[in-house]
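In this note's numbering, the protein residues as written are 6 to 388.
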């Protein structure tokens, strides 16, 4: 265990630093226990915690979960008239020293010390920060007692790709029941059709809109092309495609001739859904999931959206869809809007979560509500 002094801050991604700062300043002195699940760079996180804590008048204390008896190690440093920021690192599922019961015991002990503030044993604003490894089930842990709801806060600092990989490992094993060797995001060949929803699988042989998708794409649970088919085909099958455009505020209506609709289309080598609209224009829909850009490498980066605008019909719409948690895609969408003109009707960007919420609020349909709120969201949006 160590007391640290401020030093040179280690480099952390700007987004991570901002998120951590907002979380800490929002909860420091208000919540007694802060859970942080990290995806690496614990040195950078610890340095940031130290600097932010000290800027608010908190003394910084560090300890490892591998300490044999944390209760004996911590008290001498906690007896202080100033609040302490106690950072405990090494909380991992596989570690005997950081078993649920041991960490729960430590948290209960910290809370008891806080309650004895009148005895001058511990400053009432002292906060315990638990740095948990990726495999530690923090969400489940934090729900073990009602105490955590009022005394604890949870922040996941893993990047979007790390969270998706962890989620797909659970989905692959517990939802699909596939325990075969391989990457969390990959399906063995005999299970690849399970990448589609049942609504899609039922019509694979009969629908003109379900064209061949490469085996590589079909094997990936993160495939944006498969995701697009899983999202749009149930709307098409139930003649409810207009709901999608109503949710986006696009009033052109659908073309009476949908023969040119492409669920597996391409633009500049990238997957895109192409839907003809009633005014003779087309909607070019870029469905993305774990990617970091909408058109990576298609054009020189600074010219990508200007070039795209010049190649399409003046009335065409460009629609960018992304998960709310994918900050890289969110920033790329904002940049696209700026490049096209913020108020341009030619481009629309929205998160999958917001889109589903809007779409299902338009008209009650229990079957569609169940499909998008349950099957689709469980697979793609519970990261």
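For glycine and all other residues, C-beta sits at the position ideal for the given N, C-alpha and C.
- Apart from sequence neighbours up to five positions away, no residue of its chain approaches residue 336 with a beta-carbon distance below 6 Å.
- Distance from residue 241 to residue 135 at the Cβ level is roughly 47 Å; contact not present, criterion being Cβ atoms closer than 8 Å.
- Residue 323 sits away from residue 280, with the two beta carbons spaced by 8 Å or more.
- A direct Cα-to-Cα measurement between residue 60 and residue 88 gives close to 12 Å.
- Residue 48 sits exposed, since fewer than 16 C-beta atoms from the chains shown fall within 10 Å of its C-beta.
- Membership of residue 339 in the alpha helix (DSSP H) is indicated by the continuous run 332-345.
- For residue 53, the uninterrupted alpha helix (DSSP H) segment begins and ends at 47-60.
- Listed in chain order, the alpha helix (DSSP H) elements of length 4 or more contained wholly in the segment 149-236 are 151-156, 165-175, 203-207, 220-224.
- Within the same chain, 165 come within 6 Å of residue 331 by CB-CB distance, once the 5 residues on both sides are set aside.
- Sorting 46, 45, 58 by C-alpha distance to the C-alpha of residue 27 places 58 at the top.
- Between the beta-carbon of residue 277 and that of residue 235 there is about 16 Å, and that puts the pair past the 8 Å contact cut.
- Counting the other CB atoms within 10 Å of its CB gives residue 346 a total below 16, which places it among the exposed residues.
- The C-alpha of residue 51 is placed about 50 Å away from the C-alpha of residue 216.
- If you ignore the 5 residues before and after residue 223, its C-beta comes within less than 7 Å of the C-beta of 197, 200, 231, all in its own chain and listed in chain order.
- Here DSSP, grouped into helix, strand and coil, assigns residue 255 to coil.
- Judged by DSSP in its simplified three-state form, residue 139 adopts coil rather than helix or strand.
- Taking 8 Å as the cut-off, the beta carbon of residue 190 is found closer than this to the beta carbon of residue 170.
- 8 Å or more divides the Cβ of residue 157 from the Cβ of residue 290.
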